[in-house]
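Novice: Note that the protein sequences, when read in sequence, are chains L and E.
If you read the first sequence in our numbering, its first letter stands for residue 1, the second for the next number, and so on.
If you read the second sequence in our numbering, its first letter stands for residue 213, the second for the next number, and so on.
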Amino acid sequence: MNCIEIQNALPVLLYGELETEAAKRLEEHLAGCPDCRRELAALKLTQKRLDAVPAPAVQLDVGRIFQEEAQRRLVQLRRWRRLALAAAAVAAASILVALLLNLEVRVEGHQLVLRWGSPPALPERIVDQPSEVNPEATAALQAQLVVLTQLAQGLTETAAGRDAKQRKELTQIRDNVRDLQRQLGYRLNSIERDQSALYAAVFGPSKKGATE
Amino acid sequence: MGVVSDAELMRSWQRGDASAFAELVRRWQQPIARFLHHQLGGGDLASDLCQEVFLRVYRAGSTYRAEAAFSTWLYRIAINVARDAARKQRARTARNDPGANSAFALPDVRALPPARSYERQELGEVVGRLLAELPEEQRLVLVLRHYEEVSFEEIARLTRTPASTIKSRFAAALQRLRRRLEELGWGPEEICP
Numbered sequence: 001m002n003c004i005e006i007q008n009a010l011p012v013l014l015y016g017e018l019e020t021e022a023a024k025r026l027e028e029h030l031a032g033c034p035d036c037r038r039e040l041a042a043l044k045l046t047q048k049r050l051d052a053v054p055a056p057a058v059q060l061d062v063g064r065i066f067q068e069e070a071q072r073r074l075v076q077l078r079r080w081r082r083l084a085l086a087a088a089a090v091a092a093a094s095i096l097v098a099l100l101l102n103l104e105v106r107v108e109g110h111q112l113v114l115r116w117g118s119p120p121a122l123p124e125r126i127v128d129q130p131s132e133v134n135p136e137a138t139a140a141l142q143a144q145l146v147v148l149t150q151l152a153q154g155l156t157e158t159a160a161g162r163d164a165k166q167r168k169e170l171t172q173i174r175d176n177v178r179d180l181q182r183q184l185g186y187r188l189n190s191i192e193r194d195q196s197a198l199y200a201a202v203f204g205p206s207k208k209g210a211t212e
Numbered sequence: 213m214g215v216v217s218d219a220e221l222m223r224s225w226q227r228g229d230a231s232a233f234a235e236l237v238r239r240w241q242q243p244i245a246r247f248l249h250h251q252l253g254g255g256d257l258a259s260d261l262c263q264e265v266f267l268r269v270y271r272a273g274s275t276y277r278a279e280a281a282f283s284t285w286l287y288r289i290a291i292n293v294a295r296d297a298a299r300k301q302r303a304r305t306a307r308n309d310p311g312a313n314s315a316f317a318l319p320d321v322r323a324l325p326p327a328r329s330y331e332r333q334e335l336g337e338v339v340g341r342l343l344a345e346l347p348e349e350q351r352l353v354l355v356l357r358h359y360e361e362v363s364f365e366e367i368a369r370l371t372r373t374p375a376s377t378i379k380s381r382f383a384a385a386l387q388r389l390r391r392r393l394e395e396l397g398w399g400p401e402e403i404c405p
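1) Below 6 Å CB to CB, which residues in the same chain sit around GLU366 of chain E once its five sequence neighbours on both sides are set aside?
2) Between the Cα of VAL355 of chain E and the Cα atoms of L:ALA42, L:LYS168, L:PRO54, which residue gives the shortest distance?
3) Return the CA-CA distance between LEU393 of chain E and VAL75 of chain L, expressed in angstroms with no decimal places.
4) Only counting runs of 4 or more residues, tell me where the alpha helix (DSSP H) segments fall wholly within the region 249-293 of chain E, in order along the chain.
5) I'd like the list of long-range same chain contacts for GLY273 of chain E, defined as Cβ closer than 8 Å, with 5 residues on each side in sequence excluded.
6) What does VAL237 of chain E touch in chain L if you count any residue whose Cβ is under 8 Å from its own?
7) Tell me which residue opens and which closes the beta strand (DSSP E) that VAL107 of chain L is part of.
8) When the cut-off is 8 Å and only beta carbons count, does ARG390 of chain E lie next to chain L?
9) Kindly say whether ALA41 of chain L, judged by its beta-carbon, lies nearer than 8 Å to any beta-carbon of chain E.
10) Below 9 Å on C-beta distance, what does ASN102 of chain L contact in chain E?
11) May I ask you to report which of helix, strand or coil DSSP gives ARG322 of chain E?
12) Check whether the Cβ atoms of LEU370 of chain E and ARG288 of chain E lie closer than 8 Å to each other.
13) Counting contacts by CB-CB distance shorter than 8 Å, is ARG49 of chain L in contact with chain E?
14) What's the gap between the Cα of ARG299 of chain E and the Cα of TRP398 of chain E?
15) Using a C-beta to C-beta distance shorter than 8 Å, which residues of chain L count as neighbours of SER376 of chain E?
16) Apply the 10 Å Cβ neighbour rule to GLN7 of chain L and answer buried if 16 or more other Cβ atoms are within range, or exposed otherwise.
17) Pick out the complete beta strand (DSSP E) segments inside the region 124-179 of chain L, 3 residues or longer, and give them in chain order.
18) Given that LYS379 of chain E touches chain L, what residues does it touch there, using C-beta distances under 7 Å?
19) In the structure shown, what three-state DSSP assignment does GLY311 of chain E receive?
20) Could you check which residue in L:ARG72, L:ARG82, L:LEU100 has the C-alpha nearest to that of TRP116 of chain L?
21) If you draw a straight line from the alpha carbon of LEU18 of chain L to that of THR373 of chain E, how long is it in whole angstroms?
22) How would you list, in chain order, the residues of chain L whose beta-carbon sits under 9 Å from the beta-carbon of SER259 of chain E?
23) In the structure shown, what three-state DSSP assignment does LEU389 of chain E receive?
24) Thinking C-alpha only, which one of L:LEU43, L:GLY204, L:CYS3, L:THR46 is nearest GLU28 of chain L?
25) So if DSSP puts LEU74 of chain L in a beta bridge, which residue, or which two residues, is it bridged to?
26) Which residue wins for smallest C-alpha separation from HIS249 of chain E, given the options E:GLU220, E:GLY228, E:ARG239, E:ALA294?
27) Check for me: the alpha helix (DSSP H) holding GLN59 of chain L runs from which residue to which?
28) Please classify GLY285 of chain E: is it buried, with 16 or more other beta-carbons within 10 angstroms of its beta-carbon, or exposed?
29) Give the secondary structure of ARG227 of chain E by DSSP, where H, G and I count as helix, E and B as strand, and everything else as coil.
30) Please determine, among L:LYS48, L:GLN150, L:ASP179, the residue with the shortest C-alpha to C-alpha distance to TYR359 of chain E.
31) Quick one: list the residues of chain L neighbouring TYR276 of chain E, beta-carbon separation under 8 Å, in chain order.
32) Is there a Cβ of chain E sitting closer than 8 Å to that of GLU17 of chain L, yes or no?
Below is the structure:
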């Protein structure tokens, strides 16, 4: 430890709160260091001078503490009472207003419904009145209905018939294509045979494989 | 019959014994007034603030639990009262004199008469003013350790600060006081190494 570290630890040593080991090291250092001894002496003097500050003598009045606290609680109680009275008055006024206005508050679905006064008159329910029967109009309507029904049936049949016809045509085209393929096969074979015969006639049977 | 401990008195008071509270006030009024006086740099506030401390003790009495030492709990309340008072004083000083930096707008100690005599009263005034010059945290540690004899560990607990920090603050405060006293002509008379 150097002198700066020692001097920083001196105040704690002076008040007797340095750990034994550290205090022992400090004492050893102080024994051989006049500067640090001087610092310790100056600090001791400062410590002594701190006691020169006078301290006031007080005598508290415990009764006054009780009294002040009681007073505070009384004020608090009065405040609460005033608040309670105000809240009661507001509640009473609200109830009165609700009664006078015939107020209705309810929660309906996701809505808060606030309604006052008498409930509004519901609109008269519209009931289909049986109209007078007109035979001509009825007959015309029935005729239109028949036409529409036939039209719908016709459309349905047309669509179904068209589908069947197209399927049939497709089948036929497929058959024709197969026939053509078959005929083409025959014709190709025949051409090959003719070519082989012609080759044999011109060049003779020496060309092996040509007749095959 | 032995002396009833502070914690037992608190318990009695919590059960409704008003005389127990009166006994606590009687025991602690002087240390608390002294602490406030030194922490706030003198003045006439100590008595009123001491009353405020015990009023807060009265109000918070039901919250006291014996796990903590009564003195720790009490000094914590006193520290809060002192801080509130200092804050109010600072605000008042700032309103009256916006340029003032010192918490209590103390007169310049260098303007005091030189060390003509070593009268205790004069020295007391100087030291009191030098205490007020210290930063608040340093002053708190010095006042608690020197005047109230609260150990560094206990100060660490009641200020919720590491003990090593408390010791550093204390050393800085004492060394600063020593230097300032010397500057003002209150140096050592005969210090023999």
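Built from N, CA and C at the ideal position, the CB exists for glycine as well.
No experiment lies behind these values; they were computed from the predicted model shown.
Specialist: So, from the data block:
1) Here residue 366 of chain E refers to the residue found at position 154 when the second sequence is read from its first residue. If the five residues before and after GLU366 of chain E are omitted, its C-beta is found closer than 6 Å to no C-beta atom of its own chain.
2) Taking the second sequence and counting its residues from 1, the one referred to as residue 355 of chain E is at position 143. Of the candidates L:ALA42, L:LYS168, L:PRO54, the one whose C-alpha sits nearest the C-alpha of VAL355 of chain E is L:PRO54.
3) Sequence index remark: in the second sequence, residue 393 of chain E carries index 181 (1-based). Sequence index remark: in the first sequence, residue 75 of chain L carries index 75 (1-based). The alpha-carbon of LEU393 of chain E is positioned some 50 Å away from that of VAL75 of chain L.
4) Fully enclosed alpha helix (DSSP H) runs of 4 or longer: 257-272.
5) As a first step, residue 273 of chain E is located in the second sequence; it is residue number 61 there, counting from the start. Closer than 8 Å at the Cβ level, and outside the excluded window around GLY273 of chain E, lie MET222, TRP225, GLN226, PHE233.
6) In the second sequence, the residue the question calls residue 237 of chain E occupies position 25. Per Cβ cutoff of 8 Å: LEU60, VAL62, ILE65.
7) On the first sequence, residue 107 of chain L is found 107 positions in, with the first residue counted as 1. Counting along the chain, VAL107 of chain L sits inside the beta strand (DSSP E) bounded by residues 104-108.
8) Taking the first residue of the second sequence as 1, we reach residue 390 of chain E at position 178. At least one chain L Cβ lies under 8 Å of ARG390 of chain E.
9) By 1-based counting over the first sequence, the position of residue 41 of chain L is 41. Chain E contact via Cβ: present.
10) On the first sequence, position 102 is the one that residue 102 of chain L refers to. Those do not exist, as ASN102 of chain L stays about 50 Å from chain E at its closest Cβ, beyond 9 Å.
11) Indexing the second sequence from 1 puts residue 322 of chain E at position 110. Note on ARG322 of chain E: pLDDT 44, under 50, position unreliable in the model; the coordinate value appears next. In the structure shown, ARG322 of chain E sits in a helix (DSSP, three-state: H, G or I).
12) If you number the second sequence from 1, residue 370 of chain E lands on position 158. If you number the second sequence from 1, residue 288 of chain E lands on position 76. Remark: C-beta atoms of LEU370 of chain E and ARG288 of chain E approach each other more closely than 8 Å.
13) Position 49 of the first sequence holds residue 49 of chain L. Among the CB atoms of chain E, one or more fall inside 8 Å of the CB of ARG49 of chain L.
14) Numbered from its first residue, the second sequence carries residue 299 of chain E at position 87. Numbered from its first residue, the second sequence carries residue 398 of chain E at position 186. Rounded to the nearest whole angstrom, the C-alpha separation of ARG299 of chain E and TRP398 of chain E is 31 Å.
15) On the second sequence, position 164 is the one that residue 376 of chain E refers to. Per Cβ cutoff of 8 Å: no residues; SER376 of chain E is ~10 Å from chain L at best.
16) Mapped onto the first sequence, residue 7 of chain L falls at position 7. So GLN7 of chain L ends up on the buried side.
17) The qualifying runs do not exist here; there are none.
18) Within the second sequence, the letter at position 167 stands for residue 379 of chain E. VAL12, listed in chain order.
19) Within the second sequence, the letter at position 99 stands for residue 311 of chain E. Model confidence at GLY311 of chain E stands at a pLDDT of 49, short of 50, so the residue's coordinates are unreliable; what they give is reported in the following sentence. GLY311 of chain E falls in the coil class under three-state DSSP.
20) Taking the first sequence and counting its residues from 1, the one referred to as residue 116 of chain L is at position 116. Comparing alpha-carbon positions, the option among L:ARG72, L:ARG82, L:LEU100 lying closest to TRP116 of chain L turns out to be L:LEU100.
21) The sequence position of residue 18 of chain L within the first sequence is 18, counting from 1. The sequence position of residue 373 of chain E within the second sequence is 161, counting from 1. The straight-line gap from Cα to Cα measures roughly 18 Å.
22) Taking the first residue of the second sequence as 1, we reach residue 259 of chain E at position 47. Chain L residues near SER259 of chain E: PRO56, VAL58, GLN59, LEU60.
23) Sequence index remark: in the second sequence, residue 389 of chain E carries index 177 (1-based). LEU389 of chain E falls in the helix class under three-state DSSP.
24) Here residue 28 of chain L is taken as the residue at index 28 of the first sequence, counted from 1. Answer by Cα proximity: L:CYS3.
25) Your numbering for residue 74 of chain L matches position 74 in the first sequence. According to DSSP, LEU74 of chain L bridges with nothing at all.
26) Walking along the second sequence from the start, residue 249 of chain E turns up at place 37. Selected option, being the one with the closest Cα: E:ALA294.
27) As a first step, residue 59 of chain L must be located in the first sequence, where it is residue number 59. Per DSSP, GLN59 of chain L belongs to no alpha helix (DSSP H) and is neither H nor E.
28) Here the question's residue 285 of chain E lines up with position 73 in the second sequence. Note that residue 285 of chain E is Trp in the sequence shown here, rather than Gly. With 16 or more Cβ atoms within 10 Å of its Cβ, TRP285 of chain E is classed as buried.
29) Taking the second sequence and counting its residues from 1, one reaches residue 227 of chain E at position 15. The answer is coil: DSSP assigns ARG227 of chain E none of H, G, I, E or B.
30) Within the second sequence, the letter at position 147 stands for residue 359 of chain E. Measuring from the Cα of TYR359 of chain E, the nearest candidate turns out to be L:LYS48.
31) Translated into the one-based positions of the second sequence, residue 276 of chain E becomes position 64. Correct list: empty, because the minimum Cβ distance to chain L is about 16 Å.
32) Numbered from 1 along the first sequence, position 17 holds the residue referred to as residue 17 of chain L. By this cut-off, GLU17 of chain L is an interface position.
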